[in-house]
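Encoded as structure tokens, the structure appears first; notes follow it.
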Amino acid sequence: MKKSLKIGSAFIGIIVGAGFASGQEILQYFTSFGYLGILAAILATALFAYMGMSLTRLGSRMQTTSHKDALYGIGGKYGGFIMDIIIILTLFGVGVVMIAGAGSIFSQQFGLPAVLGNTVMALIVMGTIMLNIQKIIAIIGSITPFLVMVVIGLAIYSLLTMDASFAELNPIAKEQDSALSNWFYSAINYVSFNIAVGASMAIVMGGIEKDEKIAARGGLIGGLGLGALIILSHLAIFSAVDRVGSSDMPMLQIANDISPLLGFFISLILFAMIYNTAVSMLFSFTARFAEQNTARFKITVVIAVTLAYLLSFKGFTELVSQFYPIIGLLGLFLVVTLVVANIRYARNKKAAA
740 MKKSLKIGSA FIGIIVGAGF ASGQEILQYF TSFGYLGILA AILATALFAY
790 MGMSLTRLGS RMQTTSHKDA LYGIGGKYGG FIMDIIIILT LFGVGVVMIA
840 GAGSIFSQQF GLPAVLGNTV MALIVMGTIM LNIQKIIAII GSITPFLVMV
890 VIGLAIYSLL TMDASFAELN PIAKEQDSAL SNWFYSAINY VSFNIAVGAS
940 MAIVMGGIEK DEKIAARGGL IGGLGLGALI ILSHLAIFSA VDRVGSSDMP
990 MLQIANDISP LLGFFISLIL FAMIYNTAVS MLFSFTARFA EQNTARFKIT
1040 VVIAVTLAYL LSFKGFTELV SQFYPIIGLL GLFLVVTLVV ANIRYARNKK
1090 AAA
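Note that the sequence shown covers residues 740 to 1092 in this note's numbering.
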């Protein structure tokens, strides 16, 4: 059980990045549907549990150390190629959104120009990837469990200090911009987007564990834990949507409402999470096209981060609303392929028995 819990917590860490922690994703994908957002969050929980279990089990079954091998293994030459392209686009796109998120923190929390936050983040991300400072990333990655506790704490506080009932807040929630127009598809799209983000690491993580049952149980635990955080975050933002609905980072605004000092502290955590996510995404993207520690790798880093920096000026909220649904739609191909692979494996196993 200990191994499964370790895999589960790691799976949560992959998905719970800066976009999730800021609350902007939750606001657009769930809270903007009001009461129906709760149903969307429950549906997302079930899907995350199934996909988490499928990905880690697949990795364990194939004993792979590369997501590329696993994708081509289940999708064939053409299906594997399509899934590989989807993941490449996702890695770069999320890197863009994270750089934009740094600008939102500078603007919302410190009243500084967003361009300053974008620039600082782009420069330190570029420097980190070129110098390959993995220890820094590992240290910041350890913040994830604390971030999870912060999300739970803010949710509990928001629910205990509600100024209005959910019935009164429901129409206000529905006035918020939604990433998609339908709550059911919004839940599916959110899961498929995040699976596109986390599939690579989840498969490799499952490949470390030889026992399929342990790996699958870990993915299931991670998916259920992630779903619980989504539900809590949705309820936290829903209970304060009249105050935080217009913020780029609703969860940060809730913290500021409690105490400016707490808001400052959490803004630093968010900045660290953004840095961690941006480095992970853009490093993986660059490594897909050039070998590490080569002149070509450094040139590719400069080009990739510069392009991401320029695209980030579209703004954090707008990027989440426009880019995430597209990747979510593309990610459905990955999700369907994994489901079909599971069904085929079950049939073959039954026939062999």
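Where is the CB? At the ideal position from N, CA and C, for every residue including glycine.
One thing to note: residue 788 has its Cβ no nearer than 8 Å to the Cβ of residue 801. Closest in C-alpha terms to residue 971, from the list 1003, 951, 1029, 894, comes 894. The alpha-carbon separation between residue 914 and residue 771 amounts to approximately 7 Å. Residue 1073 places its beta carbon less than 8 Å from that of residue 935. It is roughly 12 Å from the alpha-carbon of residue 1047 to the alpha-carbon of residue 1054. DSSP places residue 851 in no alpha helix (DSSP H); its state is neither H nor E. Distance from the Cα of residue 905 is smallest, within the candidate group 1040, 1084, 981, for 981. Residue 911 places its beta carbon 8 Å or farther from that of residue 818. Contact between residue 988 and residue 1009 holds, with the beta-carbon distance rounding to 7 Å and staying under 8 Å. Per DSSP, reduced to three states, the secondary structure at residue 892 is helical.
Nearest in C-alpha terms to residue 740, of all of 762, 951, 761, is 951. Taken atom to atom, the span from the alpha-carbon of residue 937 to that of residue 943 is near 10 Å.
Annotation: residue 763 to residue 1087 spans about 43 Å, alpha carbon to alpha carbon. Taking the CA atoms as reference points, residue 849 sits about 27 Å from residue 1063.
With contacts defined by Cβ atoms closer than 8 Å, residue 961 and residue 799 do not form a contacting pair.
When secondary structure is reduced to three states using DSSP, residue 947 falls in the coil class, being assigned neither helix nor strand.
At a cut-off of 4 residues, the continuous stretches assigned as alpha helix (DSSP H) that sit fully inside the segment 740-807 are 741-754, 757-761, 763-768, 775-801.
The beta carbons of residue 1016 and residue 1039 sit no closer together than 8 Å. With contacts defined by Cβ atoms closer than 8 Å, residue 1005 and residue 859 do not form a contacting pair.
Counting along the chain, residue 905 sits inside the alpha helix (DSSP H) bounded by residues 905-913. Ranked by Cα distance from residue 931, the options 1069, 775, 774, 831 are led by 1069. Comparing alpha-carbon positions, the option among 837, 747, 786 lying closest to residue 760 turns out to be 837.
By the criterion of a C-beta distance shorter than 8 Å, residue 1003 is surrounded in its chain by 848, once the five residues flanking it on both sides are discounted. In this structure residue 834 is not in contact with residue 857, their Cβ atoms being roughly 12 Å apart against a cut-off of 8 Å. Look at the segment 1036-1078 and you find no whole run of beta strand (DSSP E) that is 3 residues long or longer.
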